[in-house]
Each structure stands twice: as structure tokens, then as C-alpha cells.
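Numbering (this note's numbering), first residue to last: 138 to 279.
We put the beta carbon where it would ideally sit given N, CA and C, even for glycine.
Okay, so here's the structure we're looking at.
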């Protein structure tokens, strides 16, 4: 039998803390504990060379069930479609108009946070809304 392993999802980005806080709001996550030995992320950053400050940040599911999300600053911007994206499961078990209503309500909640609605993929049972986060990464409301 295979061993089940924990994993984290890592985002390359321009502004790690800003993007992490966006995803905290989307998923109901909280800021993750700072690296070992530090009381806060600011304390950790204070030990880094000036050019590396603010280069890393993380958020975590407060229940421990979901994966940790890690954000790392990279010098280049996003240039192509994501090869991996998150599906935010807000319509699980719902179908038809009830599912669409749940997706639209979540979309309306995320727009003021800076998310962008790209398009609705309409299917009679399994519709989803393709969105973009504040750094243009695609994700779906599913």
C-alpha cells in the first residue's frame, strides 16, 4: 500500500504576502506559522538580506485538512497559461440552477477582493466559473 504524503502548493509570484492574504480570504485559510525559530514573518524577514525580505510567505488551512500554500517571489512575471490551477469547490453536490447560484454568489464575494471573472463554462450539471487571482493566476469556482 502506498504511503499518503502531505503536500503544499507553491506559487511563483511578485508579492508573496499580498497573494497569500488574498488566498486566505478565498479559502478561509490563515497566515501560516513563520519559519522555525521566529515569532512572526516580520521577525524572519528582519534577518534576511534587504533584497530577500518579503520573498516568502505562506498560509494554511486552520483545520489542517487542506494543503499549505507557499508563495515565493520570482523575478519574472507570468507569461503563459497555468499548467496547474486550484479549483475552489463551492458547488459540490449541487446541480443546475442551484449550482449556478452558488458559483455566482462566490464569484460576487471574490470580485471585491481583486479576483477577475473570466468566463462561465456552462454544462447542465457541472458548470464552473474560470477566474483569475490578483496576480493573474487562473483558478476555477467549481
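- Task: Pair every Cβ in the segment 139-153 with every Cβ in the segment 202-221, then say whether three or more of these pairs are closer than 8 Å.
- Result: Output reads yes: the segment 202-221 touches the segment 139-153.
- Message: Give me, in chain order, the residues of the same chain whose beta-carbon lies closer than 7 Å to that of residue 159; leave out the 5 immediate sequence neighbours on both sides.
- Response: 250, 251, 270, 271
- Query: In or out: residue 221 buried (at least 16 other Cβ within 10 Å) or exposed?
  - Reply: exposed
- Cut-off 8 Å between Cβ atoms - residues of its own chain near residue 180, not counting five sequence neighbours on either side: Spatial neighbours of residue 180 in its own chain (CB-CB distance under 8 Å, excluding positions within 5 residues in sequence) are listed in chain order as 171.
- Can the beta-carbon of residue 208 be found less than 8 Å from the beta-carbon of residue 195? In contact: residue 208 and residue 195 (Cβ atoms closer than 8 Å).
- Which word fits residue 266, buried or exposed, when buried means at least 16 other C-beta atoms lie within 10 angstroms of its C-beta? buried
- Task: Between the Cα of residue 239 and those of 186, 279, 139, 145, spot the shortest distance and give me the residue it belongs to.
- Result: Minimum Cα distance to residue 239 is reached at 279.
- Among 237, 169, 178, the one whose alpha carbon lies nearest that of residue 145: 169
- Query: Are the beta-carbon atoms belonging to residue 227 and residue 243 less than 8 Å from one another?
  - Reply: yes
- Message: Using a 10 Å radius around the Cβ and a threshold of 16 neighbouring Cβ atoms, would you call residue 166 buried or exposed?
- Response: Classification of residue 166: buried, given that the 10 Å Cβ count is 16 or more.
- Query: Which word fits residue 176, buried or exposed, when buried means at least 16 other C-beta atoms lie within 10 angstroms of its C-beta?
  - Reply: Exposure of residue 176 is indicated by the presence of fewer than 16 other C-beta atoms within 10 angstroms of its C-beta.
- For residue 255, three-class secondary structure by DSSP: In the structure shown, residue 255 adopts extended strand secondary structure according to DSSP, grouped into three states.
- Could you please give me the residues that DSSP links to residue 147 through a beta bridge? Bridge partners of residue 147: 207.
- Message: At 4 residues or longer, what runs of the alpha helix (DSSP H) sit wholly inside the segment 152-220?
- Response: Segments of the alpha helix (DSSP H) lying fully in the segment 152-220: 153-164, 178-183.
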